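Enquirer: In the working numbering, the protein residues as written are -6 to 891.
Every residue, glycine too, gets a C-beta built ideally from N, C-alpha and C.
Remember, predicted model here, so these are calculated numbers, not experimental data.
Quick one: the structure is below, questions incoming.
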């Protein structure tokens, strides 16, 4: 039987060399000669072996000749060897044709042909064919030497990470060798598998879990990280949930990494990013798996998460998980509750609110930062007016800095810092002295003053408004559950009287386990001891301290003892207080949703109403603009028209009156010139002495009337601005017209009237028959005395009877040219006068329309998708409830141990 290895390496000739020491060429030549001597000749085997010898000696053409004459079962191998020879000669096309034409049932030959073709396709850059042939080889025999290594290198060189990852997965499943899963992990960490459907990894991970749990956790963690926050993240969580349902946790096995990943995933997906409907099939399984994986010290977190989710979404958890959770909480030891978990919850809530255009005020953030200082005790100082609690705080400070006020006052010591600040919902503002302080319950005051008692004992005192009657407890009740304790300053004359007891009972309803202790402003310690028994009947854990100004050290020791800020229990109590405040914040945000919707409805209604008013106002304003333009222009036209009429009436009279300058002894040869000059002088005198002064007066009167009219418009706009500002509740609208227009008019009219003049006119020097005859006769008969009388009479008659309409019209047109141009510009000037108010009103209209549109869109979104708002808050409530369960579990655990 032929050895495939000999055929692969072209060493088939070695079978003819047994017990022979001669050269293979000689041995095969002798065998060839002997075979020819036989009756039945079969030279195929010898020729095949000879071809191998020629091939090894690079005589490829002779080798091809030998192999072309093979007609037995070695023929397919011979064809393959011929292709190898052409390949070696560089005749790649011929080699490819032969390789692809080989038909055989031998798997080995098929694999060898496939690998040679793969190499050839790469050399010829036929990448698609290379893909096909390497896939064919993998499908045929993936165990064939080097085939998977070649495929891996090829896919990596092509940066085809999809094929590379599929190869790693398929080979990992087939061989169960860890190397392939380690390679897959490299691909995952490099980010090459993010586009894969997570279901693709289900079977490989199940297989890996059964074979190598440590590597299973590593690959799973890498996949988890690669899918996080991507488009397939939720799909991955469903897949991995199913995988971990099949995971069995044995004693002493470490699954801490997977437990941490489950915890971090749970916290991240309920931070407001996803809706409940997206999580309802994921979280219950995730929590069950997490609870299974969590070690004893971290079991409380997982167990309380299970109970909290089931509390908010009833019947979502299976009975077995709930039972396990209850067992873990009440029958197991676990770590104390960490404050930073709750702090992270508050920060997540604030971040979500800000991303959804909701406001968590600065005061809330500031107060939480105070709670986050676990090394400082916050003591609320309360009492009735008779208790003089402000005086007590001032004695501690050594200065009269605190007075009875409606504003809550936080008093602390930070070295040598001496300052006052006020905290509003927008930020912190410094105050230089007490006179600048705003006395309001909505504004908090922070006093920093060097005080040894506060510094040494790390205390912050919170001074709230005095409680003179039961209805005054609101401010104290607000801060009481957030304080580490309350120091109640008793009435020194009738301590612990009925009024004080009633106030304390009411405050106890808000206390949230906040301890009460008492100060009696007296040096008589026996009085305090006597009072202690009475107080213990109502407040068994409370202490009473008799304080006098000389006993500051004793007060410090008392406060340090009863309000200690040390130990895990202090952190747990502070956590409970922070959770209380988070629940208050959560409730506020839920209420803000209703308030926001109502506000949007009111905004739409208000803007629609204001829009009607604005549009009406705009229409009226444009009417006013047009009316004023028409009225002012008409008034101006009337003023100039009167002057034109005056000129038209007076100018002919003046010119006819010039006949008086014609004398019988006049030089008639030059009279037309002399008389023309006299007429121009008379016209000039009339214009400057009569027309222009009258025109100036008329225009001044027009400007005065126009100024009154425009001021009336401004007054109207002022009234409308006041009216609209009353509606807006702010000085939003200030409609000011451009009175510079009037100044421009005044300047232009002064300029025109000051330079107005009539240039010399050719009145009698025109070429007209009558004028021509008179001038010619004058020159002709001027020397004849007897003819002067006739010329005198004719000239005088001509001047007095001449029609001066043409010259008058010409003079009027030239004189009033600039004034007429001024009139034409009046309308555009009045448009400029009203331009700013009209533009502002138009912009305000667009603002209102935009506000209506955006508010309606927001309302529609809120009504059509209420889950976008409510779902995140429900999920935050899950997390809050979980933390509250943790605090409760630790309290009960401490009680049982105690």
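Determine the burial state of residue 865: buried for a count of at least 16 other Cβ atoms within 10 Å of its Cβ, exposed for fewer.
Expert: Per the 10 Å Cβ criterion, buried.
Enquirer: From the DSSP output, in three-state form, read off residue 887 for me.
Expert: Unreliable placement is indicated for residue 887, whose pLDDT of 48 sits below 50; no coordinate value is reported for it.
Enquirer: For residue 783, count the other beta carbons within 10 Å of its own beta carbon; 16 or more makes it buried, fewer makes it exposed. Which is it?
Expert: Exposed, by the Cβ-count rule.
Enquirer: Would you identify the three-state DSSP class for residue 539, choosing helix, strand or coil?
Expert: Looking at residue 539 - three-state DSSP - the assignment turns out to be strand.
Enquirer: Return the CA-CA distance between residue 279 and residue 352, expressed in angstroms with no decimal places.
Expert: Taking the straight line joining both Cα atoms gives about 32 Å.
Enquirer: Which term fits residue 130, buried or exposed, when burial requires 16 or more other beta carbons within 10 angstroms of its beta carbon?
Expert: Counting Cβ neighbours within 10 Å, residue 130 comes out buried, since at least 16 surround it.
Enquirer: Buried or exposed for residue -2, going by 16 or more other Cβ atoms inside 10 Å?
Expert: It is exposed - the Cβ of residue -2 has fewer than 16 other Cβ atoms within 10 Å.
Enquirer: How is the beta strand (DSSP E) around residue 376 delimited, first residue to last?
Expert: 370 to 376 is the span of the beta strand (DSSP E), which, as asked, contains residue 376.
Enquirer: Apply the 10 Å Cβ neighbour rule to residue 106 and answer buried if 16 or more other Cβ atoms are within range, or exposed otherwise.
Expert: So residue 106 counts as buried.
Enquirer: Using the C-alpha atoms, what's the distance from residue 318 back to residue 349?
Expert: C-alpha separation (whole angstroms): 34 Å.
Enquirer: Please state whether the Cβ-Cβ distance between residue 568 and residue 335 is less than 8 Å.
Expert: Yes, the pair counts as a contact, with Cβ atoms nearer than the cut-off.
Enquirer: With 16 other CB atoms within 10 Å as the buried threshold, where does residue 528 fall?
Expert: Counting Cβ neighbours within 10 Å, residue 528 comes out buried, since at least 16 surround it.
Enquirer: I think residue 815 touches residue 734, with their Cβ atoms under 8 Å apart; what is that distance to the nearest whole Å?
Expert: About 12 Å; that fails the 8 Å criterion.
Enquirer: Determine the direct distance from the alpha carbon of residue 880 to that of residue 292, and round the result to whole angstroms.
Expert: If you take the alpha carbons of residue 292 and residue 880, they lie about 14 Å apart.
Enquirer: Indicate whether the contact test is met: 3 or more Cβ pairs, each with one atom in the region 374 to 384 and one in the region 428 to 446, closer than 8 Å.
Expert: These segments do not touch.
Enquirer: Starting from residue 182, trace the alpha helix (DSSP H) in both directions and tell me its first and last residue.
Expert: It spans 171 to 182 - the alpha helix (DSSP H) in which residue 182 sits, taken as one unbroken run.
Enquirer: Can the beta-carbon of residue 935 be found closer than 8 Å to that of residue 873?
Expert: Because the chain spans -6 through 891 in this model, residue 935 falls outside it and cannot be assessed.
Enquirer: What three-state label does DSSP hand residue 852 in the structure shown?
Expert: Helix at residue 852.
Enquirer: Count the other CB atoms, across all protein chains shown, that sit within 10 Å of the CB of residue 233; report buried if there are 16 or more and exposed otherwise.
Expert: It counts as buried.
Enquirer: Quick check: the Cα distance between residue 739 and residue 692, rounded to an integer number of angstroms?
Expert: The alpha-carbon atoms of residue 739 and residue 692 are separated by roughly 9 Å.
Enquirer: Indicate the three-state DSSP secondary structure (helix, strand or coil) for residue 83 in the structure shown.
Expert: Coil at residue 83, not helix or strand.
Enquirer: Who are the Cβ neighbours of residue 282 in its own chain at under 8 Å, not counting the five residues just before and after it?
Expert: Answer for residue 282: 234, 237, 238, 240 and 255, listed in chain order.
Enquirer: In the DSSP output, which residue or residues are listed as bridge partners for residue 439?
Expert: Paired residues: 403 and 414.
Enquirer: Could you check how far apart the C-beta atoms of residue 39 and residue 24 are, in whole angstroms? I think they sit under 8 Å.
Expert: Going by Cβ atoms, the distance from residue 39 to residue 24 rounds to 5 Å, so yes, they are a contact pair.
Enquirer: Taking just the CA atoms, how far does residue 661 sit from residue 654?
Expert: Going by the C-alpha atoms only, they are around 12 Å apart.
Enquirer: Take residue 252 and list the residues in its own chain whose beta-carbon comes closer than 7 Å to its own, dropping the five residues that flank it on each side.
Expert: So the qualifying residues of the chain are 283, 286, 287, 288 and 291.
Enquirer: Decide if residue 703 is buried, meaning its Cβ has at least 16 other Cβ atoms within 10 Å, or exposed.
Expert: Buried, by the Cβ-count rule.
Enquirer: Which residues bound the alpha helix (DSSP H) around residue 424?
Expert: Here residue 424 belongs to no alpha helix (DSSP H); instead the beta strand (DSSP E) covers 421 to 424.
Enquirer: Identify whether residue 478 lies in helix, strand or coil by the three-state DSSP scheme.
Expert: Strand at residue 478.
Enquirer: How far does the alpha helix (DSSP H) with residue 350 in it extend, from its first residue to its last?
Expert: Segment: none, residue 350 is in no alpha helix (DSSP H) and carries neither H nor E.
Enquirer: What does the alpha-carbon distance come out to for the pair residue 679 and residue 713?
Expert: Those two C-alpha atoms are separated by around 49 Å.
Enquirer: Among all the DSSP beta bridges, which residues are the ones paired with residue 317?
Expert: Paired residue(s): none; residue 317 is not in a bridge.
Enquirer: Check whether the Cβ atoms of residue 212 and residue 190 sit closer than 8 Å, and answer yes or no.
Expert: Contact: no.
Enquirer: Could you tell me which of 497, 67, 625 and 448 sits nearest to residue 546, measuring between CA atoms?
Expert: It is 448.
Enquirer: Run through DSSP, which three-state label would residue 610 get?
Expert: DSSP places residue 610 in helix when its eight states are reduced to three.
Enquirer: Got a sec, what are the start and stop residues for the beta strand (DSSP E) residue 456 sits in?
Expert: 452 to 456 is the span of the beta strand (DSSP E), which, as asked, contains residue 456.
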